[in-house]
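Before any comments, here is the structure.
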Amino acid sequence: MDALDREILSQLQADGRLTVTELAERVGLSVSPCHRRLRTLERDGIITGYRAMLDAPSLGLGFETLVFVTLDAANSRTIPPFEAAVRNLPRVLHAQRLFGDPDYLLRVVSADLEAYQHFYDEHLAALPGVHRLQTTLVMKTVVDERMLPLGGQIGSKFIH
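Sequential numbering from 1 applies to the sequence shown in the UniProt record's numbering.
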């Protein structure tokens, strides 16, 4: 990973719709070397995909909650079925396993409070191994989908 690779990544984070020709121009390479570097970044799993960013409220999904989940027991019998079930819930946009209590943090979108209550009752409360659910309403999103900081070294080195 060198400065050109970081610049390619930075440009793609800002605009994932760039053509290889546009990307090459922005990073100061000809098309062929830029394309090779891009394919290497994809092959090595550094670039994991491309997608469109959508405005949830415009699509009727403006009610957002954070749900803290505590399992009955966090062990090899309970974790896999819980995580598999969470992966199958499209309204769960983000799920993280945590150290300590609670065991998980879920980011959930719904149309409104009534829709969230239905989702909670029918899906979240029915997840395998759940001991307790605690919901916090999101008042305002301050930072969302921030680009990764690529200004310094990547990996074990500190990023400034």
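Beta carbons: idealized from backbone N, C-alpha and C, even for Gly.
Note that the structure is predicted; figures quoted are calculated from it, not measured.
DSSP places Ala3 inside the alpha helix (DSSP H), whose first and last residues are Ala3 to Ala14.
The residue among Asp112, Gln117 and Val143 with its C-alpha nearest the C-alpha of Ser58 is Asp112. DSSP places Glu145 in the coil class of the three-state scheme, outside both helix and strand. Taking the CA atoms as reference points, Pro128 sits about 39 Å from Ala14.
One thing to note: Val67 has its Cβ within 7 Å of the Cβ of Leu133. Put simply, of Thr141, Arg26 and Glu83 the residue whose alpha carbon is nearest the alpha carbon of Thr65 is Thr141. Assignment of alpha helix (DSSP H) within the segment 75–119, counting only whole runs of 4 or more residues, yields 79–87 and 113–119 in chain order. Within 10 angstroms of the beta-carbon of Asp103 lie 16 or more other beta-carbons, which makes it buried. By the Cβ rule, the segment 72–89 counts as touching the segment 117–128, because three or more pairs are nearer than 8 Å. Taking Pro81 as the centre and dropping the five residues before and after it, the same chain places the C-beta of Pro128 closer than 6 Å to its C-beta, in chain order. Just so you know, the alpha carbons of Gly151 and Glu25 end up roughly 20 Å apart. For Thr70, the enclosing beta strand (DSSP E) covers residues Phe63 to Leu71. For Glu145, the CB contacts under 8 Å within the same chain, skipping 5 residues up- and downstream, are Met53 in chain order.
When secondary structure is reduced to three states using DSSP, Arg36 falls in the helix class. Here the alpha carbons of Thr19 and Ser110 stand approximately 35 Å from one another.
Put simply, the backbone Cα of Asp72 is about 15 Å away from that of Leu98.
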